[in-house]
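So in our numbering, the last one in the sequence shown is 1613, and the numbering has no gaps at all.
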Amino acid sequence: MQKVRNRQKGMIAGARVLGASLILSTSLLAPIATVYAETGEGRVPNVTLPNGVPTNYDLTWFDEFDGDKLDRTKWDYSLSSFDPKARTQMHFTDDPANVSLKDGILHLTALYTPKQWKWNDQTKKHEWVDRENTYVDSKTKQTITYKAPFTSGAIQTRDRHGKVLTEFVGDFYAESRIKLPFSESSWASFWMTGTKGGGSPTSGEIDVFESKGYDPKFIQANIHTAPTPEPGKEKYSDQYQKKLPNNGDTQTAFHTYGVLKEGDKITFFYDGQALYTVKYSEIKKNEAFVNPENGFILRLTHIVGGSFVKDFGKNATRNYTDAIPYKDSYKDGSRSDMQIDYVRVWQPSAKPVTTEAPTTTTTTTTVAPTTTTTTTVAPTTTTTTTEAPTTTEAPATTEAPTTTVAPTTTEAPTTT
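Given below as structure tokens:
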């Protein structure tokens, strides 16, 4: 794994990380492909940072999704089921029906796809079977099987085998411009997980936002850490969350969602406005965020169904955890399409620092760490197995999904 230092003193002048590429006048990092901005490939967007982000931050990594295929030097597809303990009802695939690029937009589209072409160990042949998820109940230790008749898309900066393609270490500001799906049981998110500490939540999880399809005004930022034990209570993580105010047009217009990770705090942004800050001193188990070696990968996810997609609290009435009654909303993708315009990441350079304090804090805190790292690894060639579309003819490639046990995200009844 190669470490690329971001514009620190002593670096070769003019070096800048552009995604998985590097502009260099030498062959210092020859194994990584070179892309020159003047060719148009990987051109640096002309953008302005929000107030509250230090002015010495440079754009070091981005994807504008301008091609017609996913850039596999930056991303890989998440595959198979996800978080079955939360009773999510989809399988992530690499099928173009679920993950596609068109006119500069990445589409993560959820579809009602009740059958899958799967190998049967008993009959020793492939068969069309109902799409299902399974998990082991933590109390009874019994295996639970339930219907999961949807497919969807998710990508991350780590490959399907666990190899990190790019992680962001130290201070950074990450932002994405997104239009959310309408479908009632859709759970869309832009989030990050740490690479050190044994997996989420111990390694740290930053949910830049999570949404609920049935409520276009619901946007929640959250931080997950290792749980603080409570007698008689099974807890996945400690959470520090807040609903972000908005005007409710998140499904009809694009909006920006950002997070600023600094040496002593994390601040969440919506449309360039700082709306929520969590100081590490307020986090009971903050090791994942103060560890200077812990990097974070980026993740974009469109989940269907699950325990998050409902109201919480005493007077809760809306519940869309089971997406099957709303399957018509997922039949052609017109309502169930998460659209991403770009993802961009800025990191500190050696320039002088000036900072405007975000509106969520009362004092100005300027952090200028001596080392910020973007770790980029040239991906190895892998064989992609594509899931069968909903046709009656058996596909040439087959899918045999495994069950991925992932974090169960929950929402506290009250807002922080």
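Positions of the beta carbon are idealized from the N, C-alpha and C atoms, including for glycine.
Small disclaimer: the values here were computed from a predicted structure and weren't measured.
In this structure, L1495 sits near T1354, with a CB-CB distance shorter than 7 Å. Taking the Cα of S1382 as reference, the smallest distance to any Cα among F1365, T1252, S1408, H1358 is reached at S1408. Looking at the backbone, the Cα of Q1319 and that of P1522 are separated by about 32 Å. Between the beta-carbon of S1546 and that of D1255 there is about 5 Å, and that keeps the pair under the 8 Å contact cut. Where E1484 is concerned, the enclosing alpha helix (DSSP H) starts and stops at 1484–1487.
Under DSSP, G1455 forms a beta bridge with E1372, F1466. The Cβ-Cβ distance between P1247 and G1469 falls below 7 Å. For I1302, the uninterrupted beta strand (DSSP E) segment begins and ends at 1302–1306. In the three-state scheme derived from DSSP, where H, G and I count as helix and E and B as strand, E1329 is classed as strand. In this structure, P1346 lies away from P1293, with their beta-carbon atoms at least 7 Å apart. Beta-bridge pairing by DSSP links T1290 to no other residue. By the Cβ test, the region 1373–1382 is in contact with the region 1527–1537, since at least three Cβ pairs between them sit closer than 8 Å.
In this structure, T1342 keeps its C-beta atom at 7 Å or more from the C-beta atom of Q1544. A Cβ-Cβ contact shorter than 7 Å links Q1286 with A1520. Taken atom to atom, the span from the alpha-carbon of N1491 to that of W1325 is near 43 Å.
For Y1473, the closest alpha carbon among the candidates P1424, E1479, T1464 is that of T1464. G1264 and D1300 have their C-alpha atoms roughly 8 Å apart.
In the DSSP annotation of this structure, the continuous segment of the beta strand (DSSP E) that includes L1497 starts and ends at 1492–1501. The C-alpha of D1356 lies about 42 Å from the C-alpha of N1512.
The straight-line gap separating the alpha-carbon atoms of G1429 and N1516 is approximately 26 Å. DSSP places D1412 in the uninterrupted beta strand (DSSP E) bounded by 1412–1422. Scanning E1364, K1336, P1281 for the CA closest to the CA of K1271 turns up E1364. P1545 carries a strand assignment under DSSP once its states are collapsed to helix, strand and coil.
In this structure, K1266 is the residue among T1331, K1266, V1361 with its C-alpha nearest to the C-alpha of S1297.
Under the three-state reduction of DSSP, Y1254 is assigned to strand. Minimum Cα-Cα distance from D1508 among the listed residues P1281, F1486, Q1417 corresponds to Q1417.
Inclusion of K1476 and K1458 in the CB contact set at 7 Å is not warranted, their separation being larger than that value. For D1435, the three-state secondary structure derived from DSSP is strand. By alpha-carbon distance to F1289, the top candidate from D1273, Q1339, F1451 is D1273.
The continuous stretches of beta strand (DSSP E) do not include D1263, and DSSP gives it neither H nor E.
By the criterion of a C-beta distance shorter than 6 Å, E1402 is surrounded in its chain by T1390, H1421, once the five residues flanking it on both sides are discounted. Taking the CA atoms as reference points, K1481 sits about 52 Å from K1322.
Membership of D1404 in the beta strand (DSSP E) is indicated by the continuous run 1402–1409.
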